[in-house]
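Visitor: Provided herewith is a single structure, encoded as C-alpha cells, for subsequent inquiry.
2 protein chains.
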Amino acid sequence: MTVSLAEIRRTSGEVFTEGCPTRVVLDHIMSKWGVLVLLALTDGTLRWGELRREVEGISEKMLASTLRQLEADGFVERTSYPEVPPRVEYELTDRGRELMERMLPLVEWVAANAGDVLKADLIAGRG
Amino acid sequence: MTVSLAEIRRTSGEVFTEGCPTRVVLDHIMSKWGVLVLLALTDGTLRWGELRREVEGISEKMLASTLRQLEADGFVERTSYPEVPPRVEYELTDRGRELMERMLPLVEWVAANAGDVLKADLIAGRG
DNA sequence: CAGCATCCCAACAGATACTG
DNA sequence: CAGTATCTGTTGGGATGCTG
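As given, the protein sequences belong to chains A and B, one line each in that order.
Take the first sequence: its position 122, counted from the start at 1, is 122 in full-length UniProt numbering, and no numbers get skipped.
Take the second sequence: its position 85, counted from the start at 1, is 85 in full-length UniProt numbering, and no numbers get skipped.
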C-alpha cells in the first residue's frame, strides 16, 4: 500500500493542472449527488423512482443531470423497457464497479469517523 | 476486500439521510478544492504560497476557506511561526493521513482512467 | 508573506408545472 | 412511471484592494 502522490504524478502527470482530465472526472464522481447516486447503485440495479427515494433530498432535475453525466462517463448504464407504464433501470457498468471498489473504503472510513470529525468542528467553534 | 454498502449501512446508519454527519464530511473532503488541497499536502508540509502555486487555479479566497474547513475538521494542522516576514505551514494530521490512505487509491485509479472516461463522453456526444 | 474584506456574477440547484 | 421545461434564487467562487 502507501501509494504516494509522487507516484500518481509520475504515472499520469497533472492532477493539479486546471482542466486536466483527472480533475474533470474527479469533479463528476466527487460531486455532492454523484457520490450518493453511485453509492445507491452499488447495492444493485435501481429504477428511477427507487433512486429518487433512496437518495434523500435529491431533486428530479439533479437526479436526471447526475445520471446523464455518470452515463456519459461510462459509470452507469441505463436500460429502458418499452412497457406501459414505462420502466427504466440504472446499474453500474464494469467501470463503475471498478470505481466503487476504490471509493467504498473511503466512504466507509468517513461514515465511521464523521461523528468525531464534526465534534472537532464544534471544539474549534465552527458550524 | 469487497466492502459492501450494506455493511456501511449497518455500521454507521445513514449515508442517504439529508444532513447526516457522513454527508457533511463527504461534502468537505470531496469538494472541488478540498480534494486538491489534501492531495497537495499528501506530499508533505507546504507553506501558504507553495499551496497556492501547487493547486493551480485556486483563488486566495477558496484556498483560505478550504484550509479553514479542513483545519476545523481536524484533517489539516496550521503552524504559524512568529517571524518577519511571516511563515505559516500546513500539514496533514494523523486523521488527515488516515483519510488520504483511503483516498489515494481512488485518485490514482481516476488519474489512470480519466482519459478513457472522457473518450466515452465524446462518443456519447457530450461535452 | 500570509491573509481578510468587499463587491460581484454565473453557474448550480430547488420548486413547480407539464408530457410521452 | 419517468422524465422535460422553465423560472427563480442561493451561493460558490473570482477579482480587487488592503493590512499585520
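Cβ atoms here follow ideal geometry from the backbone N, Cα and C, with glycine treated the same way.
Keep in mind that this is a model prediction, so the values were computed, not measured.
1) Return helix, strand or coil for Glu60/A, following the three-state DSSP convention.
2) Along the alpha helix (DSSP H) that carries Val35/B, what are the first and last residues, could you check?
3) Interface residues of chain B around Trp109/A at Cβ under 8 Å?
4) Tell me whether Ala112/A is buried or exposed, calling it buried when 16 or more other Cβ atoms sit within 10 Å of its Cβ.
5) Go ahead and pull the three-state DSSP assignment for Val24/B.
6) Return the CA-CA distance between Gly74/B and Asp43/A, expressed in angstroms with no decimal places.
7) Return the residue from the list Thr17/B, Val37/B, Ala72/B that minimises the CA-CA distance to Lys119/A.
8) What three-state label does DSSP hand Thr17/B in the structure shown?
9) Rounded C-beta distance between Leu70/A and Gly19/A? I'm assuming under 8 Å.
10) Please list, in chain order, all residues of the same chain as Ala114/B whose beta carbon is under 8 Å from its beta carbon, the five residues on each side excluded.
11) Verify the CB distance criterion: does Glu18/A have a CB-CB separation below 8 Å to chain B?
12) If you measure from the CB of Glu56/B, is any heavy atom of the ligand MG nearer than 7 Å?
13) Tell me whether the region 83–92 of chain B and the region 44–55 of chain B touch, counting them as touching only if at least three CB pairs, one residue from each stretch, are closer than 8 Å.
14) Please check if any C-beta of chain A sits within less than 8 Å of the C-beta of Glu50/B.
15) Straight-line CA distance for Leu67/B to Gly96/A?
16) Quick one: any contact between the region 91–110 of chain A and the region 24–38 of chain A, if contact means 3 or more CB pairs under 8 Å?
17) So with CB distances below 7 Å, who are the chain A contacts of Leu106/B?
18) State the DSSP-derived secondary structure class of Val76/B, mapped to helix, strand or coil.
19) Quick check: Val25/B and Val117/A, are their CB atoms within less than 8 Å of each other?
20) Buried or exposed for Val15/A, going by 16 or more other Cβ atoms inside 10 Å?
21) Near Ser31/A, what residues of its chain come up, given a Cβ to Cβ distance below 7 Å and the 5 sequence neighbours on each side ignored?
22) Taking the alpha helix (DSSP H) that Glu89/B falls in, what are its first and last residues?
23) Any Cβ of chain B within less than 8 Å of the Cβ of Met62/A?
24) Note down, in chain order, each residue of its chain lying with its Cβ closer than 8 Å to the Cβ of Arg78/A, except the 5 sequence neighbours on either side.
Guide: According to the data block:
1) Residue state, collapsed to three classes: helix.
2) 32–42 is the extent of the alpha helix (DSSP H) around Val35/B.
3) Within 8 Å of the CB of Trp109/A, the CB atoms of chain B belong to Glu98, Leu99, Arg102, in sequence order along the chain.
4) exposed
5) Note: Val24/B maps to helix in three-state DSSP.
6) 31 Å
7) Ala72/B
8) coil
9) 20 Å between Cβ atoms; not a contact.
10) none
11) yes
12) Absence of the ligand MG is noted for the structure shown, with no ligands found whatsoever.
13) Below 8 Å, enough C-beta pairs join the region 83–92 of chain B and the region 44–55 of chain B to call them touching: three or more.
14) no
15) Their Cα atoms are separated by approximately 31 Å.
16) yes
17) Arg102, Met103, Leu106
18) Val76/B falls in the strand class under three-state DSSP.
19) yes
20) buried
21) none
22) Looking at the DSSP string, Glu89/B is not in any alpha helix (DSSP H); the run it does join, the beta strand (DSSP E), is 87–92.
23) no
24) Leu67, Glu71, Val88, Glu89, Tyr90
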